[in-house]
Amino acid sequence: GGGGAFQGWAGGYPEIVKENELFERYYRELGIVPAGEWCVPRSGLLLAVSLFCSHAKEILHCLKEKYFRELQDLEVDGQKVEMPQSLSWYPEELAWHTNLSRKILRKSPQLEKFHQFLVSETECGNISRQEAVSMIPPLLLNVNPHHKILDMCAAPGSKTAQLIEMLHADMNVPFPKGFVIANDVDNKRCYLLVHQAKRLNSPCIMVVNHDASSIPNLQIDVDGRKEVLFYDRILCDVPCSGDGTMRKNIDVWKKWTTQNSLQLHGLQLRIATRGVEQLAEGGRMVYSTCSLNPIENEAVIASLLEKSEGALELADVSSELPGLKRMPGITKWKVMLKDGQWFEEWKDVPSNRQTQIRPTMFPIKDEEKLKAMNLERCLRILPHHQNTGGFFVAVLIKKSPMPWNKRQPKVHQKLLQRTGDTEVTAANSDNGSECITEEPTLAENEESKKMQELQNSDTEQSKKEGVCGPPPSKKMKLFGFKEDPFVFLPEDDPLFLPIQKFYALDPSFPKMNLLTRTQEGKKRQLYMVSKELRNVLLNNSEKMKVINTGIKVWSRNSDGEQFGCAFRLAQEGIYTLYPFIHARIINVCIEDVKILLTQENPFLSKFSSETQKKVKDMAMGSIVLKYDPDPEKPDDLQCPIVLCGWQGKTSLRAFVPKNERLHYLRMMGVEVFKAKRKEEESESKTAEEVQHRLAQTEEEMDVENKEHDLVTKMEAEVGEESSHSPVESSAMEVENKIEDLDQSSKNANSCVSQESKDTDTSNVKE
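Now the structure itself:
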């Protein structure tokens, strides 16, 4: 049938008539939905939960055996709750969809336990909640751990998270050779991106803030020569009218007009063009939108293929993701103005309309050419196919350089290398002769000239060795001042020696990849990036507006100094650091782990006698607590756990953020649920005690919570799901800013310190 009311509780919306006559006329006329299948979808949105991390199997077990079972035969508001289903096309049962709307999940008491589980595990970065179809583009990129990846329009970051996950497919490799550069044009949304990526604790992600259609060419040092960085994989998920999202977006229905697509087409084509220019030969770019409109989809791809003159081809992905229902791309369409007037081809467009409608919006007339393009290889996913949103995906392979770049000679310049490794002089040392193999488009040239003038003033100060200087001098809008620079630790920094000795770091430890965010004054935090990202950072400090990179591996703790090391380990970076640490490790049994995670500062006498023995011979200070599963005891947790802790005179404690604690306890089968409502506090006393202790510990631990409210507020502004529980997260950027604001108000002249002071010192003194 035609329109109709949007019924039932699934959407959690009042009865809104989902009808837009123009919308229906447009899509019926284009014949995008096969005859007999046209009906306006009415059901609520399906939320997909995708599982990440080394603990995916454990979480899956937990979901199926515990949470899904509790949903069986459950009724909410008189409606039976449908059991979550795994997505047949997503590998290894790692994605599930549920028809429970966010509103229902949040509001109904029966679902509170499941909701808490989802929120908490999402905060840990172990699961991601997103629209099911939006998981398709990363899957079709075919990522390998050595790939250099660019995510051009990355916020809010659920696809970026999938990409990072793919880089770390082998958990035994702390530093994969590949990396993800995640870009977004909106500065505020970049912080959301940081927050999303931070949960995955990867040293291989960098968040940058540029206009995707003129994102700069980056350079890297290859054996002492400067070369342009080409990406092996590019995700090009462009801004779009979003009319595929009509099931969850009532507004799309109310406000739909062809104007949106006509205005976006040019930008989409520019972004896609900039993407393929930066793609390596043999590389893959996935172009996607959540729109059904051919003007934003096939028209963009056809124009790109046409001007590439054979340099690009559409990949046939019909055999990939079996089980995913799809339609082929279309080859014929028309263009409609917002007043409902149709045009079949460019020559029919009157001159006064030629700014709104462009020649690239029309299908290719030449049948031969059209056939060679294989537009049917594009994927169209219609909302009723698997009860999802509508979506469009095209997978492009680059076979040779773009024709407009072929004239460019490849210029190499020798890096001026001095004695030290970090002493690489800035790129513009020789009269700014740039090495560019793929020339930017004209629009970008103008842009980059302006940017260049702005940036030259900044160049001098960042010639200091090992500094990836401040970004271009446009001040950051969000907090009104610049990002701090990224300063790599100098080769001979005296700071490092005691750390190396105290933790008996392996000689293979890549200390040159350590960085701080302070140029002068006390270094409070040490972060770590992979050596490939270090290369990118050092060689592009003037071009690139970096918002964030690196994971925290050590935090200054002045108390530690008396025990031989002023830096304690940070949980965030422990899985990256652990393979290099040879001292300060205590192997603990599962009972010990439970005590560490449920008690605030337990006395040594509470631990197993083996643990007590090991601790006896060890100096006080920061330690690593390692649990290895025992295959003889299949009922115990079967994945290894590494925790950061602190050994006092008479006690032993873990320094682990609350959600991570809850995660490990859940995996061990400990009930951690705490009902919010009085009448439901029938939970066992112990669970409440666990919660109470955790709450205490959380306050006393690294209090990184100041920034959480800010991120929550930002997430709300950006319209992303945010958990409103006081969850500890580590969006260190935002936290830095807040800390910096506090500090700078106190002492405007002295150097601003990096992060919250070590709030844990007070309770370590014993």
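For the sequence shown, our numbering begins at -3 and goes up steadily by one.
C-beta: ideal position from N, C-alpha, C; glycine also.
- With respect to the C-alpha of G278, the residue from S315, L308 and V668 having the closest C-alpha is L308.
- Our two residues, K539 and T351, have alpha carbons roughly 33 Å apart in a direct line.
- In the DSSP assignment, W550 forms a beta bridge with L522 and L565.
- In the three-state reduction of the DSSP assignment, Y499 falls in the coil class.
- One thing to note: Y227 has its Cβ no nearer than 8 Å to the Cβ of L301.
- In the structure shown, the three-state DSSP call for P324 is strand.
- With a 10 Å radius around the Cβ and a threshold of 16 neighbouring Cβ atoms, M167 comes out exposed.
- Assignment of K144 by DSSP, reduced to helix, strand and coil, places it in the strand class.
- Under the DSSP assignment, M202 falls in the beta strand (DSSP E) whose first and last residues are I201 to V204.
- When only Cα atoms are considered, Q521 and S551 end up about 5 Å apart.
- As the crow flies, the alpha-carbon of Q112 is around 20 Å from that of K53.
- Annotation for T94: the continuous beta strand (DSSP E) segment containing it runs A91 to T94.
- Going by C-alpha positions, E305 is about 42 Å away from S82.
- Sixteen is the threshold: when 16 or more other Cβ atoms of the shown chains lie within 10 Å of the Cβ of S618, as they do, the residue is buried.
- Inter-segment contact for the stretch 155 to 166 and the stretch 502 to 518 is absent: fewer than three beta-carbon pairs are separated by less than 8 Å.
- Taking 8 Å as the cut-off, the Cβ atoms of D555 and N583 do not count as close.
- Contact holds between the stretch 182 to 202 and the stretch 525 to 545, because three or more Cβ pairs, one in each stretch, are under 8 Å apart.
- Contact between N289 and D239 holds, with the beta-carbon distance rounding to 6 Å and staying under 8 Å.
- In this structure, Y523 lies near K548, with their beta-carbon atoms less than 8 Å apart.
- The closest CA to that of V638, considering only M616, S601, F599 and R580, is found on R580.
- For W249, the uninterrupted alpha helix (DSSP H) segment begins and ends at I246 to K251.
- Taken through DSSP and simplified to helix, strand or coil, W85 comes out as coil.
- Under the three-state reduction of DSSP output, K395 falls in the coil class, being neither helix nor strand.
- According to the DSSP assignment, G279 belongs to the beta strand (DSSP E) that extends over L275 to T285.
- The C-alpha of S284 is placed about 21 Å away from the C-alpha of F19.
- D489 and A566 have their C-alpha atoms some 20 Å from each other.
- Taking one beta carbon from each stretch, the stretch 654 to 672 and the stretch 583 to 603 have 3 or more pairs nearer than 8 Å; the two touch.
- By the Cβ test, the stretch 243 to 262 is not in contact with the stretch 129 to 142, since fewer than three Cβ pairs between them sit closer than 8 Å.
- The DSSP assignment places 175 to 179, 201 to 204, 215 to 218, 221 to 224 and 227 to 233 as complete runs of the beta strand (DSSP E) inside the stretch 163 to 249, in order along the chain (cut-off: 3 residues).
- For A650, the enclosing beta strand (DSSP E) begins and ends at L648 to A650.
- Cβ atoms of S237 and S299 stay farther apart than 8 Å, at about 18 Å.
- Of R185, S647 and N122, the smallest CA-CA separation from Q158 is found for N122.
- Per DSSP, the unbroken alpha helix (DSSP H) holding T118 starts and ends at E108 to C120.
- Note on K365: under 16 other CB atoms within 10 angstroms of its CB, so exposed under the neighbour-count rule.
- Taking D207 as the centre and dropping the five residues before and after it, the same chain places the C-beta of V181 closer than 6 Å to its C-beta, in chain order.
- For C640, the enclosing beta strand (DSSP E) starts and ends at I637 to Q643.
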